[in-house]
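Per this note's numbering, the very first residue in the sequence shown carries number 891; after that it's consecutive. Data block below; observations after.
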Amino acid sequence: MPLRAVIFDIGGVLVRTADLEPRRKWERRLGLPDWGLARLVFENPAAAESTVGRASPEAVWAQAAERLALTPAELAELQVDFWRGDVWDEALLAYIRSLRPRYKTGIISNAWVGMRAMHQPRLNESTFDLIVYSAEEGLAKPDPALYQRTLARLGVAPAEAVFVDDVPENVAAARALGMAGVHFQPGVDVPAEFAALGIR
(Lines of atoms letter the chains of each structure in order from A and count residues from 1; the text may use other names and numbers.)
(Lines give C-alpha, C1' and ligand atoms only; values in the text may rest on other atoms or scores of the structure.)
Protein backbone atom coordinates (compact mmCIF):
# COMPACT_ATOMS: atom_id res chain seq x y z
CA MET A 1 0.00 0.00 0.00
CA PRO A 2 1.62 3.32 -1.02
CA LEU A 3 2.27 5.98 1.58
CA ARG A 4 -0.14 8.92 1.50
CA ALA A 5 0.63 10.81 4.74
CA VAL A 6 3.68 12.03 6.64
CA ILE A 7 3.30 12.82 10.33
CA PHE A 8 5.84 14.54 12.58
CA ASP A 9 6.57 15.19 16.23
CA ILE A 10 7.44 18.78 17.19
CA GLY A 11 9.93 18.97 20.08
CA GLY A 12 13.23 17.30 19.23
CA VAL A 13 12.32 17.14 15.54
CA LEU A 14 10.83 20.34 14.08
CA VAL A 15 12.25 22.48 16.88
CA ARG A 16 15.40 21.48 18.75
CA THR A 17 17.55 22.87 21.53
CA ALA A 18 20.63 23.83 19.54
CA ASP A 19 22.32 25.90 22.26
CA LEU A 20 22.36 24.33 25.71
CA GLU A 21 24.34 27.10 27.40
CA PRO A 22 21.32 29.11 28.65
CA ARG A 23 20.10 26.00 30.51
CA ARG A 24 23.61 24.97 31.57
CA LYS A 25 24.03 28.41 33.17
CA TRP A 26 21.08 27.69 35.44
CA GLU A 27 22.21 24.14 36.15
CA ARG A 28 25.54 25.49 37.37
CA ARG A 29 23.83 28.20 39.39
CA LEU A 30 21.37 25.76 41.00
CA GLY A 31 23.76 22.84 41.45
CA LEU A 32 21.92 20.60 39.01
CA PRO A 33 23.54 17.96 36.78
CA ASP A 34 23.56 18.25 32.98
CA TRP A 35 19.97 17.88 31.71
CA GLY A 36 18.75 18.20 35.30
CA LEU A 37 16.83 21.39 34.58
CA ALA A 38 14.99 19.92 31.58
CA ARG A 39 14.07 16.83 33.59
CA LEU A 40 12.82 18.95 36.48
CA VAL A 41 10.59 20.99 34.14
CA PHE A 42 9.38 18.33 31.72
CA GLU A 43 9.04 15.46 34.19
CA ASN A 44 7.38 17.18 37.13
CA PRO A 45 3.80 16.09 37.98
CA ALA A 46 2.22 19.30 36.69
CA ALA A 47 3.94 18.84 33.33
CA ALA A 48 2.44 15.39 32.98
CA GLU A 49 -0.98 16.83 33.81
CA SER A 50 -0.59 19.72 31.36
CA THR A 51 0.40 17.28 28.61
CA VAL A 52 -3.07 15.74 28.83
CA GLY A 53 -4.91 19.03 29.36
CA ARG A 54 -5.39 18.94 33.12
CA ALA A 55 -2.97 21.69 34.24
CA SER A 56 -1.76 25.04 32.95
CA PRO A 57 1.82 25.83 31.95
CA GLU A 58 1.80 28.30 34.85
CA ALA A 59 1.28 25.36 37.20
CA VAL A 60 4.27 23.59 35.66
CA TRP A 61 6.53 26.56 36.22
CA ALA A 62 5.15 27.18 39.70
CA GLN A 63 6.06 23.65 40.64
CA ALA A 64 9.57 24.09 39.24
CA ALA A 65 9.97 27.40 41.07
CA GLU A 66 8.92 25.81 44.35
CA ARG A 67 11.32 22.93 43.89
CA LEU A 68 14.20 25.29 43.10
CA ALA A 69 13.22 27.99 45.64
CA LEU A 70 13.15 30.71 42.99
CA THR A 71 11.82 34.22 43.44
CA PRO A 72 9.26 35.46 40.88
CA ALA A 73 11.97 37.52 39.17
CA GLU A 74 14.30 34.52 39.00
CA LEU A 75 11.55 32.37 37.57
CA ALA A 76 10.80 34.92 34.85
CA GLU A 77 14.49 35.00 33.91
CA LEU A 78 14.69 31.20 33.93
CA GLN A 79 11.68 30.86 31.63
CA VAL A 80 13.27 33.13 29.03
CA ASP A 81 16.59 31.28 29.22
CA PHE A 82 14.96 27.85 29.14
CA TRP A 83 13.66 28.34 25.58
CA ARG A 84 16.41 30.67 24.35
CA GLY A 85 18.49 27.93 22.74
CA ASP A 86 15.62 26.43 20.73
CA VAL A 87 15.80 26.66 16.93
CA TRP A 88 13.17 25.76 14.34
CA ASP A 89 14.35 23.53 11.51
CA GLU A 90 13.27 25.78 8.65
CA ALA A 91 14.80 23.47 6.04
CA LEU A 92 12.74 20.53 7.30
CA LEU A 93 9.58 22.64 7.38
CA ALA A 94 10.24 23.74 3.79
CA TYR A 95 10.75 20.11 2.77
CA ILE A 96 7.42 19.15 4.36
CA ARG A 97 5.69 21.94 2.45
CA SER A 98 7.26 20.62 -0.76
CA LEU A 99 5.50 17.28 -0.26
CA ARG A 100 2.08 18.90 -0.48
CA PRO A 101 -0.40 18.27 -2.01
CA ARG A 102 0.98 14.87 -3.07
CA TYR A 103 1.02 13.78 0.60
CA LYS A 104 -1.11 14.72 3.55
CA THR A 105 0.96 16.29 6.30
CA GLY A 106 0.33 16.10 10.03
CA ILE A 107 1.69 16.49 13.53
CA ILE A 108 1.24 14.46 16.71
CA SER A 109 2.78 16.28 19.66
CA ASN A 110 2.88 15.68 23.38
CA ALA A 111 2.50 19.32 24.32
CA TRP A 112 1.24 21.42 27.20
CA VAL A 113 -1.99 23.41 27.25
CA GLY A 114 -1.80 26.50 25.04
CA MET A 115 0.94 25.34 22.69
CA ARG A 116 -1.17 25.67 19.54
CA ALA A 117 -1.30 29.46 19.86
CA MET A 118 2.42 29.63 20.67
CA HIS A 119 3.37 27.49 17.66
CA GLN A 120 0.87 28.96 15.19
CA PRO A 121 3.27 31.39 13.46
CA ARG A 122 5.30 28.40 12.17
CA LEU A 123 2.97 25.43 12.47
CA ASN A 124 -0.18 26.21 10.53
CA GLU A 125 -2.20 25.30 7.47
CA SER A 126 0.54 26.50 5.11
CA THR A 127 2.55 23.41 6.08
CA PHE A 128 0.21 20.96 7.81
CA ASP A 129 -3.20 19.52 7.04
CA LEU A 130 -3.67 18.47 10.68
CA ILE A 131 -2.00 19.30 13.99
CA VAL A 132 -2.89 17.11 16.97
CA TYR A 133 -1.85 18.19 20.46
CA SER A 134 -2.03 15.79 23.38
CA ALA A 135 -3.34 18.48 25.74
CA GLU A 136 -6.34 19.04 23.48
CA GLU A 137 -7.04 15.31 23.15
CA GLY A 138 -6.63 14.32 26.79
CA LEU A 139 -4.14 11.56 26.01
CA ALA A 140 -0.51 11.37 25.03
CA LYS A 141 1.94 9.33 23.00
CA PRO A 142 2.61 6.44 22.99
CA ASP A 143 -1.12 5.75 23.55
CA PRO A 144 -2.23 4.11 20.28
CA ALA A 145 -5.58 5.92 20.44
CA LEU A 146 -3.83 9.23 19.73
CA TYR A 147 -2.29 7.82 16.54
CA GLN A 148 -5.59 6.25 15.51
CA ARG A 149 -7.45 9.56 15.92
CA THR A 150 -4.86 11.30 13.79
CA LEU A 151 -5.02 8.69 11.04
CA ALA A 152 -8.82 8.83 11.01
CA ARG A 153 -8.84 12.62 10.70
CA LEU A 154 -6.32 12.46 7.85
CA GLY A 155 -8.41 9.74 6.20
CA VAL A 156 -5.57 7.25 5.83
CA ALA A 157 -4.89 3.70 6.98
CA PRO A 158 -1.89 2.97 9.24
CA ALA A 159 0.00 1.37 6.35
CA GLU A 160 -0.42 4.60 4.37
CA ALA A 161 1.40 6.80 6.91
CA VAL A 162 4.92 7.37 8.21
CA PHE A 163 5.64 8.88 11.62
CA VAL A 164 8.82 10.75 12.62
CA ASP A 165 9.69 11.18 16.31
CA ASP A 166 12.85 11.50 18.42
CA VAL A 167 11.52 9.19 21.17
CA PRO A 168 12.03 5.49 20.34
CA GLU A 169 8.93 4.39 22.30
CA ASN A 170 6.73 6.72 20.25
CA VAL A 171 8.12 5.39 16.97
CA ALA A 172 7.66 1.81 18.21
CA ALA A 173 4.01 2.54 19.04
CA ALA A 174 3.42 3.83 15.51
CA ARG A 175 5.06 0.77 14.00
CA ALA A 176 2.96 -1.51 16.21
CA LEU A 177 -0.13 -0.02 14.56
CA GLY A 178 1.26 -0.74 11.11
CA MET A 179 2.70 2.69 10.32
CA ALA A 180 6.18 3.23 8.96
CA GLY A 181 8.44 4.86 11.55
CA VAL A 182 11.54 7.03 11.45
CA HIS A 183 13.52 7.55 14.66
CA PHE A 184 14.82 11.11 14.38
CA GLN A 185 18.31 11.64 15.78
CA PRO A 186 21.12 14.11 15.07
CA GLY A 187 22.36 13.45 11.57
CA VAL A 188 19.20 11.74 10.33
CA ASP A 189 18.37 12.89 6.80
CA VAL A 190 14.56 12.89 6.64
CA PRO A 191 14.33 13.33 2.83
CA ALA A 192 16.71 10.38 2.38
CA GLU A 193 14.75 8.27 4.87
CA PHE A 194 11.54 9.14 3.08
CA ALA A 195 13.03 8.43 -0.34
CA ALA A 196 13.91 4.95 0.88
CA LEU A 197 10.20 4.53 1.69
CA GLY A 198 9.19 5.70 -1.77
CA ILE A 199 8.29 9.30 -0.82
CA ARG A 200 9.54 11.81 -3.36
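In this text, a Cβ means the ideal position worked out from N, Cα and C, and glycines have one as well. None of the values given here were measured: they were computed from a predicted structure.
Alpha-carbon to alpha-carbon, residue j and residue i
i, j, result
"E917", "V1054", "30 Å"
"R929", "A1085", "35 Å"
"V931", "V950", "7 Å"
"T1040", "L1020", "8 Å"
"E1083", "L982", "13 Å"
"E939", "A984", "33 Å"
"P892", "G921", "52 Å"
Span of the beta strand (DSSP E), counted from its first residue to its last, around residue i
i, result
"L1020", "L1020 to Y1023"
"G996", "K994 to S999"
"D976", "D976 to W978"
"V903", "Unbroken run through V903: none, as it is neither H nor E."
Residues sharing a beta bridge with residue i, DSSP
i, result
"A1051", "A895"
"A1070", "V1052"
Beta-carbon gap between residue i and residue j smaller than 9 Å
i, j, result
"L1036", "L904", "no"
"P1048", "G1068", "yes"
"V1078", "V1052", "no"
"A895", "E1050", "yes"
"A1007", "P1032", "no"
"P947", "G1028", "no"
Range covered by the alpha helix (DSSP H) that runs through residue i
i, result
"T1095", "This structure leaves residue 1095 out entirely; the chain is present only between 891 and 1090."
"W916", "E911 to L920"
Next item on the list: Would you check if the segment 894 to 914 and the segment 963 to 982 touch, i.e. whether three or more CB-CB distances between them fall below 8 Å?
Entry: yes
Note to self: Under 8 Å: do the segment 949 to 956 and the segment 893 to 903 share three or more Cβ pairs, one atom per stretch?
What the structure shows: no
Note to self: Would you call the segment 989 to 1000 in contact with the segment 1011 to 1025, where contact means no fewer than 3 C-beta pairs closer than 8 Å?
What the structure shows: yes
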